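Numbering (my numbering), first residue to last: 933 to 1032. Let me begin by presenting the structure, written as structure tokens, before commenting on it.
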Amino acid sequence: MLERMEIGEHVNQNEQVELKERVEATLTKLRELRERVAELKRRCEEFREMEAQRLEKPESRLRCDKCGHALNSEDGVVIKDANGEAKSRYHKACFQALFK
């Protein structure tokens, strides 16, 4: 009977060791997944900020009154009123197309 208890205790210790190893492996994987989630949240927030900045830019950029596309400072024609304030803006090609 004593041998059975010793064998049972030995088997029980092996099971405990295996269980402990599985728990540790699971905890390690959980930590890794949490780190990945935190990294993905950080990247998502960066992308949100980039998208917000991107969406703000088109409104602040000058647009052609004919085609609606963004104007670069070097390829635009500006029509000003008597006070010198910009009234209309066009691409050079769009402006030329108005008079054809």
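The beta-carbon is built from N, C-alpha and C at its ideal position, and this holds for glycine as well. Note that this is a predicted model, so its numbers are computed, not measured.
Cβ atoms of residue 1027 and residue 1009 come within 8 Å of each other, at about 4 Å.
Positions of the beta strand (DSSP E) runs, each at least 3 residues long and wholly inside the region 950-1029, are given as 1008-1012 and 1018-1023 in order along the chain. Residue environment for residue 1003: buried (at least 16 other C-beta atoms within 10 angstroms of its C-beta).
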